[in-house]
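Residue numbers (the numbering used here), protein chains in the order written: chain A, 1 to 382; chain B, 1001 to 1235; chain C, 2001 to 2293.
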Amino acid sequence: MVQSLLRPRVLGLALLGLVILGFPYFNTMFEFMSGWPFFGWWVDPFRIFQAGRFGVWIIILLGLNLLTGYSGQISLGHGAFVAVGAYVAAILMTQYDVHVILAVVAAGLFTGAVGFLVGAPALRLTGPYLAIATLAVVIALPQILKHDLVSDWTLASQGINFYEQGTPPRTPEMLEDMVNKDQWLYYCTIVPALIMTVLAWNITRSRLGRAFIAIRDTEIGAQQMGIDVALYKMTAFGVSSFYAGIGGALFVFSEAVLGPATFDIVISLTMLAVLVLGGMASVLGSIFAAAIMTMRIEIVDTLVKLIPFGEELRIDALRGAIYGGLLIVAIIMGPRGLAGGIRELAKVKPSAIIERVRSLRVAEVLRIGTQRLLQPFRRRDR
Amino acid sequence: MLKVSEVHASYGPVLALRGVSLEVPAGSIVAVLGANGAGKSSMLRAISGLLRPSQGTIEFEGRRIDRLAPERIVQMGISQAPEGRQIFTELTVMENLRLGAYTRNDGKEVKQDLEKVFSYFPVLGERRKQEAGTLSGGEQQMLSIGRALMAKPKLLLLDEPSLGLAPMLVREIFDIIKTVNEQDGITVLLVEQDANMALGVARYGYVLETGEVALHETAENLRRDESVRRAYLGY
Amino acid sequence: MEQFIQQVATGLATGSIYALLALAVVLIYRSTEVVNFAQGEMAMLTTFIAWTFLTSMNYWLAFFLAVLVALFIGALLERVLLRPVEEGPVLNPIIVTLGLFTALNSVVLWRYGGDPKPFPKVPFFEGGPFSVGAVAISRANIGVFCAAVVIMVALYLFFTYTKVGLAMRATALNRGASRLVGIRVGQMLTLGWALSAAVGAVAGMLAAPIVALSTNMMFGLILFAFAAAVLGGLTSPLGAILGGLTLGVVQNLAATYNPTESSVDLAIAFLIIVVVLVIRPTGLLGKRAVRRV
């Protein structure tokens, strides 16, 4: 019994669990490390807030991955679903005083239902047509949100804020001594993130997941196999928007304000970009993508420091160009992203690598390396 | 005129040609027979530069062409009427034919060749302003061959010209093939499933099976060959 | 009644801008089956470049140079970014254009900042409004419409009567056969993108005086352009033009006679897109594409 508990996998998971649970306390537990070069970063209290955001992005991007990565339905409008979830939760909490957990779940279910219904017209659309339609959604949504018919709830351009009530969720009285506001916020987002990740992992390994992949790879073939493509496509949209809704609702916690432009076309495209970078059709990929998304400003700032004259050149203002550029390069080189690269790496045996490296000379390595790098750009006229 | 030597070619992981060698003497008609999937079309595509051989060489009039771009090969004098006609359906008959002469610069001669094509295929002349997609199957085949002829080729590659056509039309087309060869001196490499007709006009024949040359003989001998008769000629 | 005609006239003017943008999108889609989501941003970029030119030269020279630059940029983008992904899954080129969208937007923002810049109208057409009876039509609107018509006629002549134009049409129809005829397909694709970028540039320069030159000027416009292209049929240039003009007029009339307080034009464009795509995906004039199994 003890034997099996000590297996590396179990130990690894246990360690991971401890890190996740204990993270908000690192800055107090390890305060002495705050000056240390590498560890100091982890111990900064701001990380707790960031980690909470990380959890939210995991949920949102898992949803997008299920739709685009696994089911192959390219959706540029994911941001719109997140916005819907965010608005529903915010409205329920500010105007109807609904309890936080209820609001989040309601937001998720509502958005999921909307997504499911959206899947119906989307049934007839493929590839570029679907992309156009979803692009239309996300561009038109801010205007819809500001429109008279719903502005009683959405408060139009003004947006919704939590200044009066104070941002939910509030630490329950019992625990107020042990857990401060930031730490509580962290738990409130990480726990759903964990649950949703496990759920997503299960989905991808289930019949539903396999049906998604079948639809992505060959829609007509899937139909021949007896898969009710219509139903599963709608389900893909439904599940994906459920995730988006929950994510959006949780997002609202950490932001004090929510407006019609919060989830616009730019952020929708950024989400797609980081997902491709992190790795499509992979739960790990979504997690990587979420990490990139959370840290994107810091990553750009680091780049500014690394590139000579970075600050004078105002590289930070070019962050859109960096995401776009990375996206383009990533898709040209091979669309499996970071997660794919790691999987490839994991397949290779260390001894084989060492052997190979030892037998090559520097010049050859350089030549092969540049050849592979430039391969996609070579003239291909056939 | 054309020499294909030990050509191997594949579509990704699928090997289509495994060491095919054939020769087309200038001025002759050579037929290539074989079942579906034997590699006949792949061979023509390789000659036209659409499929790059992984091994082997293709020489035309003594020059290597297997690594040349398709447009260069057309300029050198090889043009193809591909399988399934592949005409430009939304363009007119006239535009299709003009495109056949795309690589040419000699405007006056192009006009003359246009008239020649119309003399071979009068029905094309009648329908010259019609959209190519509205033509019947036989007419489209004529258009495809006409278009290939407009390139003023020295070597004409024909991929299954009889496919899907009524016997009388097939006879018409093969008559034109013979005329073009005898009167205009155009060498013809003909890929066909209709072995009867093909061997009727050809001087030499090759039989391809799963990407390799199984037989090559004069057309006379092929017609008499037992195995060929049973497999491809139906008697 | 006069107001109606006036609104129609204005609608035709904005509609011609939509038509040009839609035409650019259709141009690329016909020849490469790629929907260029970055079309608007490319137009926006070249318009900003024109703005820079305007600080040191007269309007027409700047206009002409900007179009030249657009041709170059379009060709460059196709050759470098789109060529590697043209084979392979259909999704990839789309993602590349999306990346381009983000990148171009960011680059322009970085270089020019977020404040809207003024952009002059087409010089010929300055001056007071043209009066036909009781209807006053602004000269600028006529100018936009005329410019668009000139471009469309030029393109029509190019595609119908020149050898290259014919070759491009052939490439769009059947690449394999085009190669067999000796057409350099790669060059045709590059040319397609170059022309498309040029048309977009003109659209941008015509739109800038109306909507003010800024980095988000194209978001709404490109949505209408897509709606127009979808409505007319992604493969039909004529459809794109008619779709654009129709949408322009409809949008204007809807805005004038809109019973509700807030604007609904984007929402309407969105609805049109969805309805057309669901009911008749090939649009009004597009050809039905057979799905190969």
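The beta-carbon is built from N, C-alpha and C at its ideal position, and this holds for glycine as well.
Contact with chain C by residue i, beta-carbon distance below 8 Å
i: PRO1153 (chain B); result: no
i: THR197 (chain A); result: no
i: HIS147 (chain A); result: yes
i: GLN143 (chain A); result: yes
i: ARG7 (chain A); result: no
Nearest candidate by alpha-carbon position, reference residue i, set the options
i: ILE1176 (chain B); options: B:ALA1198, B:GLN1193 and B:GLY1164; result: B:ALA1198
i: CYS188 (chain A); options: A:MET234, A:ALA120 and A:PRO24; result: A:PRO24
i: LEU269 (chain A); options: A:GLY85, A:ALA289 and A:ASP97; result: A:ALA289
i: ASP1225 (chain B); options: B:SER1119, B:TYR1206, B:THR1210 and B:GLY1062; result: B:TYR1206
i: VAL1030 (chain B); options: B:LEU1190, B:MET1076 and B:LEU1215; result: B:LEU1190
i: ALA2147 (chain C); options: C:PRO2281, C:GLY2200, C:ALA2227 and C:MET2042; result: C:GLY2200
i: GLN1140 (chain B); options: B:VAL1074, B:LEU1155, B:THR1092 and B:ARG1230; result: B:THR1092
i: VAL448 (chain A); options: C:LEU2077, C:PHE2048, C:LEU2091 and C:GLU2086; result: Here chain A comprises residues numbered 1 to 382, so residue 448 (chain A) is not present and cannot be evaluated.
i: VAL2035 (chain C); options: C:PRO2259, C:LEU2285 and C:ALA2229; result: C:ALA2229
i: VAL1180 (chain B); options: B:LEU1156, B:ALA1038, B:ALA1009 and B:MET1001; result: B:LEU1156
i: THR68 (chain A); options: A:ARG367, A:ILE48, A:MET280 and A:MET293; result: A:MET280
Contact with chain B by residue i, beta-carbon distance below 8 Å
i: LEU2166 (chain C); result: yes
i: ARG1952 (chain C); result: Outside the displayed span of chain C (2001 to 2293) sits residue 1952 (chain C), for which this structure offers no information.
i: VAL2290 (chain C); result: For VAL2290 (chain C), the predicted structure reports a pLDDT of 48, less than 50, and the residue's modelled location is therefore unreliable. A value from the coordinates is still provided. VAL2290 (chain C) does not count as touching chain B.
i: ALA2177 (chain C); result: yes
i: VAL2293 (chain C); result: Caution is warranted here: a pLDDT of 38 is assigned to VAL2293 (chain C), below 50, making its placement in the model unreliable, and the coordinate value is therefore given only provisionally. No - not a single Cβ of chain B is within 8 Å of the one on VAL2293 (chain C).
i: VAL1953 (chain C); result: It is not possible to answer for residue 1953 (chain C), since the shown part of chain C is limited to 2001 through 2293.
Backbone CA spacing between residue i and residue j [nearest angstrom]
i: ALA2075 (chain C); j: ILE213 (chain A); result: 36 Å
i: ASP1066 (chain B); j: LEU1097 (chain B); result: 27 Å
i: VAL10 (chain A); j: ALA236 (chain A); result: 32 Å
i: VAL1014 (chain B); j: THR1210 (chain B); result: 11 Å
i: GLY259 (chain A); j: LEU2021 (chain C); result: 30 Å
i: ALA2244 (chain C); j: LEU117 (chain A); result: A small fix is needed here, since residue 2244 (chain C) is Gly in this sequence, not Ala. Roughly 30 Å separates the two Cα atoms.
i: LEU327 (chain A); j: GLU1109 (chain B); result: 52 Å
i: SER1136 (chain B); j: MET1142 (chain B); result: 10 Å
i: ARG210 (chain A); j: LEU2180 (chain C); result: 42 Å
i: ASN65 (chain A); j: THR2102 (chain C); result: 20 Å
i: LEU2061 (chain C); j: SER2178 (chain C); result: 37 Å
i: LYS2117 (chain C); j: VAL2107 (chain C); result: 16 Å
i: GLU1217 (chain B); j: GLN1193 (chain B); result: 17 Å
i: VAL2211 (chain C); j: MET2217 (chain C); result: 7 Å
i: LEU2195 (chain C); j: GLY2015 (chain C); result: 20 Å
i: ALA2154 (chain C); j: ILE246 (chain A); result: 53 Å
i: ALA1101 (chain B); j: GLN1112 (chain B); result: 12 Å
i: LEU313 (chain A); j: PHE2037 (chain C); result: 28 Å
i: GLY52 (chain A); j: ASP264 (chain A); result: 22 Å
i: TYR1120 (chain B); j: LEU2189 (chain C); result: 35 Å
i: ASN1196 (chain B); j: LEU1208 (chain B); result: 16 Å
i: THR262 (chain A); j: LEU1051 (chain B); result: 51 Å
i: ILE307 (chain A); j: ILE315 (chain A); result: 9 Å
Start and end residues, alpha helix (DSSP H) containing residue i
i: THR2215 (chain C); result: Taken as a continuous stretch (DSSP letters only), THR2215 (chain C) belongs to no alpha helix (DSSP H), as it is neither H nor E.
i: THR1089 (chain B); result: Here THR1089 (chain B) belongs to no alpha helix (DSSP H), and DSSP marks it neither H nor E.
i: ILE20 (chain A); result: 8-22
i: SER268 (chain A); result: 265-278
i: VAL2250 (chain C); result: 2237-2256
i: GLU2033 (chain C); result: It is not in any alpha helix (DSSP H) - GLU2033 (chain C) carries neither H nor E in the DSSP assignment.
i: ILE1047 (chain B); result: 1040-1048
Opening and closing residue of the beta strand (DSSP E) in which residue i lies
i: GLU1006 (chain B); result: 1002-1011
i: ALA1214 (chain B); result: 1212-1218
i: ARG1052 (chain B); result: Segment: none, ARG1052 (chain B) is in no beta strand (DSSP E) and carries neither H nor E.
i: GLY1019 (chain B); result: 1014-1024
Residue-level contact to chain A via CB, residue i, 8 Å cutoff
i: PRO2209 (chain C); result: no
i: ALA2194 (chain C); result: no
i: PRO2084 (chain C); result: yes
i: ALA2269 (chain C); result: yes
i: LEU2277 (chain C); result: yes
Taking only beta carbons into account, state which residues of the stretch 2101-2112 of chain C come closer than 7 Å to chain E, listed in chain order.
The chain inventory of the structure shown lacks chain E, comprising the protein chains A, B and C.
Only counting runs of 3 or more residues, tell me where the beta strand (DSSP E) segments fall wholly within the stretch 2145-2181 of chain C, in order along the chain.
Listed in chain order, the beta strand (DSSP E) elements of length 3 or more contained wholly in the stretch 2145-2181 of chain C amount to none.
Only counting runs of 4 or more residues, tell me where the alpha helix (DSSP H) segments fall wholly within the stretch 83-127 of chain A, in order along the chain.
Listed in chain order, the complete alpha helix (DSSP H) runs (minimum 4 residues) inside the stretch 83-127 of chain A are 100-122.
Hey, which unbroken runs of the alpha helix (DSSP H) at 4 residues or more fall wholly within the stretch 2002-2074 of chain C?
DSSP runs (the alpha helix (DSSP H)) wholly in the stretch 2002-2074 of chain C: 2002-2032 and 2039-2054.
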